[in-house]
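Novice: If you count by this note's numbering, then the sequence shown holds residues 2 to 1020, one letter each, in order.
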Amino acid sequence: MARRKKSDTPTTDTDLAVADYRFDAKRKNNPPAGLAAQGKVQQAPRIRYEYNPHLPPVLRFDASGKADALPELLQAARQRPLNAEEVAQLAAALKRFEPWLEWAGKREAKGFAVEPVALHIHERISTQAILRVASRQDVQRDLFADPQQDYREAVQFYQHEVDWANRMILGDSLQVMTSLARREDLAGKVQMIYIDPPYGIKFASNFQPEVGKRDVKDKESDLTREPEMVKAYRDTWTLGVHSYLAYLRDRLMVAKELLADSGSIFVQISDENLHRVRMVMDEVFGAGNFVSQIAFRTTAARAGGLLDNISDYALWYAKDKSRAKYRQLFVHRPLETESNYDWIESEGACRQLTEVERWTPEEKLQGKKYALADLTSQGYTESGAFQFEYGGQTFAPNAGRHWSTTESGMKNLAAAGRLQIKGQNVFYRRFLVDYLVRAIPNSWDDTAAGGFLKGESKIYVVQTNTLDIQRCLLMTTDPGDLVLDPTCGSGTTAYVAEQWGRRWITIDTSRVALALARQRLMTAKFDYYELRPLNDADARRNPTGPWLKSEEIAGPATLDCETVPHITLKSIAQNAALDPIFEKHQAILDERLAALNAALAQVKPELRHKLKAKLAAKQKAEGKKAITEADRRRWLLPPANRAGANYTTVPMDFVGWYEWEVPFDTDPDWPKELQVALLDYRAAWRAKMDEVNAAIAANAENEELVDKPRVRKNVVRVSGPFTMEAVMPAELGLDETSPIEGVGGDLDGFDVADAPQNAEAFLDKMLRLLKADGVQFPNNKKMSFTRLEAVADEFLHAEGEWVNGDGKPQSVAVSVGPEFGPVTAYQVENALAYASRRGFENLVFAGFAFDGAAQAIIQDDPNPRVRCHLAHIRPDVQMDGLLKETANSQLFTVFGSPRTTLQAAGEGMFRIALEGVDIYNPVENTITATRVDKVAAWFVDSDYDGRTFCITQAFFPDKSAWGKLAKALKGVIDESAFDRLSGTVSLPFPVGKHKRAAVKVIDPRGNEVMRVHRLGEGY
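Below, the structure is given as structure tokens:
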């Protein structure tokens, strides 16, 4: 492989020594949130799914249900002969007698209804861009992977291919995955899916209510107030394990559609539902596509008074097991635990290790550890049943076995010093250094202590260990492959995928989870892994890509990983490079051996007896076990050394050494000539073995250590560009039209008592509550309706009047946001236009949440005659059955935008100061003027284009948020710049192309409020 010059540099901002990875891949141009109302998403079909709960979850053996008739048939058979039709029915039922899992509603359901919804881009994030601003450099939009399309193309949603950016998506995973498969043509293109569903019904297993609150109890105050999360909780646990299994099966079916033919899916689960989930996965993927059940150790035992449970599990299934991509992972052998390597060789001398030495690391011993391995394989073959001469004896394989290599291969092993006689058999020497790693099995005991990265702290109540996902990802993907996690949580899958150069998409229904994941990815620091061109194995494994791209390398690139040689019996036996080495050295060794035996012939009998006495003395003093082969060869001279031997191919009375008998060292009492002759022989033997071992190593197969990439120093890698996206929820108009053609409501699910069944029922409830309770404004001001009537319109849902402080009635229109989802820019833009045309003086948007683009449109209101009010609907009104008491007052509360000021910073520059923000507390139903240090984060887009919020400055009150990057870039970026990224005043920025700057504030519950400032003279 061609190596790069050390002077080459990665694709990076060279001034900052900061890099990220980019991909040779495209994605569809899904709608920017700010342009959602100005384009149209094409119609997509919808399939319905209904459940009918009545059965317990039991293990059944006939998915058709026909086996239920078997008891009746068997009873009839006792009384009369069965007719031909009944016999055929019985035979068919028995033929299909395989287990399957049945739960409430499963057999009655024929399909499920799911919307391939549109996904709107709300934010573009580039850590490189933020760092450039911190170092007072210009920022180009391509750092955000912003396609910068002209207006005509930009409103042609899903019609164009644009550069890839990774994705965090807020929404129901079933809808989002269907949208990815159907609208964005990602079916069959996802290489790995990792799902970490809730383990149980407790609150802490399902959600975290605030960004900084991980101590979640089963209390009402800890229950999430996000409507989407409440819906997900109900859909998952309404009927306990029944709805849990239905929830999971639906998502597994869509996940299967997304998987590539070589793709894999992992579902992380505890032992509570492991057996049930495996049965569901057998049904969806086929039992034949089950790959493994991985057990990984957790940090704490769960006992309940009985045996400790210390493991969770990952169920691994392939889309098609015969085509599954697999990269073997290895760990370095814990040398001190390889006790089966119980021999050691030093300069040719071999001996068995003591019990203590067997557990001693090799580097603390003099020599190389090895084990004796069988040279035969099971089964008789005529070609492998030959007799083999070695060490003066003849060997043959036992009955029913054959030699593991050919006769020439056996000779190679012998000449390479790889054979050893023990007892009546000859064995192969397998050295510990032949293979310094071992394959990782499906039991991972090292994940408890090493599950999180060094210096990483837990930020989410149900945060997955990094190491678990890392291994799953590395086993089944290549750099550039697409990884999906429909259960984002703290973003661990996205974090691991980013670290290892994989593309990623992650989904969650919780704003809190995505707020944490966004900060984690935005502030992450990674090693820069070296890249290399593809080799033949890469191209065969993934011929069409996509892979990584780099300016250093022409064409696709992948990570340059370390390799480790794997020396095997086969690689030595079939190594043709050894033959000339043997031929070259054998003549020299024969000559040296002849000289050695000539010197031996001059040894007097008296010296022979004296040397033999030394052996006897040592044996008497230290015991028989203390005598080594080296002792015997040194002190027992031929032919006395052959006592007990059974040579059949050479004379036993030869007064000289055969090559397999030559001593390893000398004795001081030996004649000088004999000592010199032995040293000469051993020097020649050493020269041969050095050359032999080098040839063996050069010819060995190399295992690529895919988890050991080579690191380039002095380069800091950050996350590549990614987007924050959200589902475009269906609007609540009572007519049949929709911004997404074919979309007319929410997913069908289990019936819930007193829950709204459709948009009309939900609207009726909201308008009834609004008319009765009015709208609560700041400073305890309340506007009550004198009249409020529903209207059949797509965007305006009610019209009426209220009376202002002067007693003068004013006309009011009401637009209610989606039942599950935020008020969107699409809804705001259209409702404003309708209200203006009809002459309303006030327009109330009532919703559970408001996306940033919607707030920006209201601030840029082109119809100033209409005063707009954003009223939070108290989430408790949608939590029937989950709270002991349901709220019935102060249900609609107006909040304001962030309190910010635009300041001149000199030389045409500006800065923005955040003074505070009104934060809505849904538990207490209050709006509190809050200090800046209580927000989760606040962001600045210094050149807001009205389409998508591009984060150019990111501020976190947590001063440690930027800590890793600040430490890594010390001396490159002024530390004070990072200090200011936890402050309340932005860094200076120039007037951009669009002459607008936007501020977005994220509260502790993940909700966002936004304000837009116009820049220029007279600001």
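For each residue, glycine too, the CB sits at the ideal point set by N, CA and C. Model, not experiment: these values are computed from the prediction.
1) Return the first residue and the last residue of the alpha helix (DSSP H) that A600 is part of.
2) If I'm right that L590 touches R609 with Cβ under 8 Å, what's the distance once you round it to whole angstroms?
3) Should E552 and A38 be called a contact, given that it needs their Cβ atoms to be closer than 7 Å?
4) Along the chain, where does the beta strand (DSSP E) that runs through C351 open and close?
5) Does the contact criterion of 3 or more C-beta pairs under 8 Å hold for the stretch 279–288 versus the stretch 423–438?
6) Using a Cβ-based criterion (distance less than 6 Å to any ligand heavy atom), does T179 qualify as near the ligand FMN?
7) Whose CA, out of G306, N290, D309, lies closest to the CA of A319?
8) Check the DSSP bridge columns for Y429 and list the partner residues they point to.
9) For the alpha helix (DSSP H) that contains T179, what are its first and last residues?
10) Please classify D151 as buried or exposed, where buried requires at least 16 neighbouring CB atoms within 10 angstroms.
11) Distance, Cα to Cα, E692 vs E363?
12) Does DSSP classify V829 as helix, strand or coil?
13) So is H1 buried or exposed if we call it buried at 16+ other beta carbons inside 10 Å?
14) Please state whether DSSP places N413 in a helix, a strand or coil.
15) Would you tell me roughly how many angstroms separate the C-alpha atoms of T901 and L988, rounded to the nearest one?
16) When you compare the stretch 908–916 with the stretch 962–980, are there three or more beta-carbon pairs, one atom per stretch, that lie closer than 8 Å?
17) Just the C-alpha distance for K714 and R542, rounded to the nearest angstrom, thanks.
18) Leaving aside the five residues before and after K220 along the sequence, list all residues of the same chain whose C-beta is less than 6 Å from its C-beta, in chain order.
19) Return the residue from the list T355, E702, N781, A847 that minimises the CA-CA distance to H798.
20) With a threshold of 16 other CB atoms inside 10 Å of the CB of Y22, please say whether the residue is buried or exposed.
21) Would you grab the beta carbon distance between P33 and T949 for me? Rounded to a whole angstrom, and I think it's under 8 Å.
22) Find the nearest neighbour of A857 within the set R997, Q603, K709, judged by alpha-carbon distance.
23) Short check: CB of F841 to CB of A814, under 7 Å?
24) Could you tell me the boundaries of the alpha helix (DSSP H) in which Q856 lies?
25) Does DSSP put A847 in a helix, in a strand, or in coil?
26) What would DSSP say about D736, mapped onto helix, strand or coil?
27) Tell me the rounded alpha-carbon separation between Y248 and F911.
28) Going by other Cβ atoms of all chains shown within 10 Å of its Cβ, with 16 needed for buried, is M653 buried or exposed?
29) Would you check if the distance between the CB atom of T724 and the CB atom of I122 is smaller than 7 Å?
30) What three-state label does DSSP hand F957 in the structure shown?
31) Check S987 in the structure and name its three-state DSSP category.
32) Alpha carbon to alpha carbon, what distance is there between P198 and K41?
33) Keeping to the same chain, check which residues put their C-beta closer than 7 Å to that of Y945; ignore five residues upstream and five downstream.
34) In whole angstroms, what separates the C-alpha of E630 from that of P398?
35) Alpha carbon to alpha carbon, how far is C489 from R521?
36) In whole angstroms, what is the alpha-carbon distance linking P876 and V986?
Specialist: In short, the structure shows the following:
1) Residues 579–601.
2) So it is not a contact: roughly 25 Å between Cβ atoms.
3) Cβ atoms of E552 and A38: not closer than 7 Å.
4) The continuous beta strand (DSSP E) containing C351 extends over residues 350–353.
5) Three or more beta-carbon pairs separated by less than 8 Å are not found between the stretch 279–288 and the stretch 423–438, which leaves the two stretches without contact.
6) Because no ligand of any kind appears in the structure shown, any question about the ligand FMN cannot be addressed here.
7) Answer by Cα proximity: N290.
8) For Y429, which the question treats as bridged, DSSP gives the partners A374, L420.
9) From DSSP, the alpha helix (DSSP H) with T179 extends over 174–183.
10) Flag for D151 reads exposed.
11) Whole-angstrom Cα-Cα distance: 23 Å.
12) Helix at V829.
13) Because the chain in this structure spans residues 2 to 1020, residue 1 falls outside the shown range and cannot be described.
14) If DSSP states are grouped into helix, strand and coil, N413 belongs with the helices.
15) Straight-line Cα distance between these residues: approximately 14 Å.
16) The stretch 962–980 and the stretch 908–916 do not touch, with fewer than three beta-carbon pairs separated by less than 8 Å.
17) Rounded to the nearest angstrom, the two C-alpha atoms are 30 Å apart.
18) Residue confidence is low: K220 scores 48 on pLDDT, short of 50, so the model does not pin down where it sits. No coordinate-derived value is stated.
19) Ranking T355, E702, N781, A847 by Cα distance to H798 puts A847 first.
20) With 16 or more other Cβ atoms from the protein chains shown falling within 10 Å of its own Cβ, Y22 counts as buried.
21) That belief holds up - the Cβ atoms of P33 and T949 are roughly 4 Å apart, short of 8 Å.
22) Restricting attention to R997, Q603, K709, the CA atom closest to the CA of A857 is found in R997.
23) Against a cut-off of 7 Å, the Cβ pair of A814 and F841 comes out as a contact.
24) The continuous alpha helix (DSSP H) containing Q856 extends over residues 853–860.
25) Under the three-state reduction of DSSP output, A847 falls in the strand class.
26) At D736 the pLDDT is 40, less than 50, meaning the model places this residue with poor confidence; the figure from the coordinates comes in the next sentence. The answer is coil: DSSP assigns D736 none of H, G, I, E or B.
27) Approximately 50 Å, taken between the alpha carbons.
28) It is exposed - the Cβ of M653 has fewer than 16 other Cβ atoms within 10 Å.
29) One thing to note: T724 has its Cβ within 7 Å of the Cβ of I122.
30) Three-state DSSP puts F957 in coil, outside helix and strand.
31) Coil.
32) The C-alpha of P198 is placed about 34 Å away from the C-alpha of K41.
33) The answer, listed in chain order, is H995, R997, A998, A999, V1013.
34) Cα to Cα, E630 sits roughly 26 Å from P398.
35) For C489 and R521, the distance between alpha carbons rounds to 12 Å.
36) Taking the straight line joining both Cα atoms gives about 33 Å.
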